[in-house]
Amino acid sequence: MGKSWSSGMLTSEMVEEYAELTFLSRAEIVHIYERFQSINKLQRQRLYVADVLEEFKELKYNPFCERLLAVFSSSGDGYLSFEDMLDMASALSKNAPTEVKAAWAFKIYDYDGDKQLGIEDINKTILVLTQGQLSMEEHKLFVKNK
2 MGKSWSSGML TSEMVEEYAE LTFLSRAEIV HIYERFQSIN KLQRQRLYVA
52 DVLEEFKELK YNPFCERLLA VFSSSGDGYL SFEDMLDMAS ALSKNAPTEV
102 KAAWAFKIYD YDGDKQLGIE DINKTILVLT QGQLSMEEHK LFVKNK
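Read the sequence shown against this note's numbering and you will find it ends at 147, with the numbers running on by one and no gaps.
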């Protein structure tokens, strides 16, 4: 997002700027901020993803939660900033254009980060979607018919 955010207070000016930069309403931004702060007891700028999963149950039960958090972690180290949370909420918002959603979905499915969806990416996606409940033969059939 470009704007440096330090833990503490979210000003109305910041809310306005975030509303201009995202597909979120002002109320949604404030709601995310309040939830972020509710688990940010030590007033840190970034939260460990396990703590985020505890507060954001809608992520915890998503089969791609680990990938979502990894892809949206701007630092790539298992921590999320408030702006990372806004980026994720914005991309997943009903107001985000299909092109934006598709671009982020591609990153989520591109496990190896090579900017292509290869056979290993497809294998991992099938495993996540089926939660490992397919037999080896069924899994191979899915991959073969990609």
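Ideal placement from N, C-alpha and C gives every residue a C-beta, glycine not left out.
Keep in mind it's a predicted model, so treat the numbers as computed, not measured.
A straight line joining the alpha-carbon of V144 with that of Y110 spans about 14 angstroms. Residue environment: T12 is assigned as exposed (fewer than 16 neighbouring CB atoms within 10 Å of its CB, all protein chains considered). Looking only at D88, A51, L60, E67, the smallest Cα-Cα distance to S26 is reached by D88. The secondary-structure analysis by DSSP pairs S82 across a beta bridge with R47.
L70 sits close to V53, with the two beta carbons spaced by under 8 angstroms. In this structure, the CA atom of S76 is about 26 angstroms from the CA atom of K95.
Counting other Cβ atoms within 10 Å of its Cβ, E84 reaches 16 or more and is therefore classed as buried.
Excluding the 5 residues flanking it on each side, V101 has same chain C-beta neighbours closer than 7 angstroms at A92, in chain order.
Of the other Cβ atoms in all chains shown, fewer than 16 fall within 10 Å of the Cβ of Y62; this residue is therefore exposed.
CA-to-CA, the gap between Q46 and S82 works out to about 6 angstroms. Counting of Cβ neighbours within 10 angstroms places T23 among the buried residues, the total reaching 16 or more. Beyond the five residues adjoining it in sequence on each side, E55 comes within less than 8 angstroms, by CB distance, of I40, K61 in the same chain, given in chain order. K58 carries a helical assignment under DSSP once its states are collapsed to helix, strand and coil.
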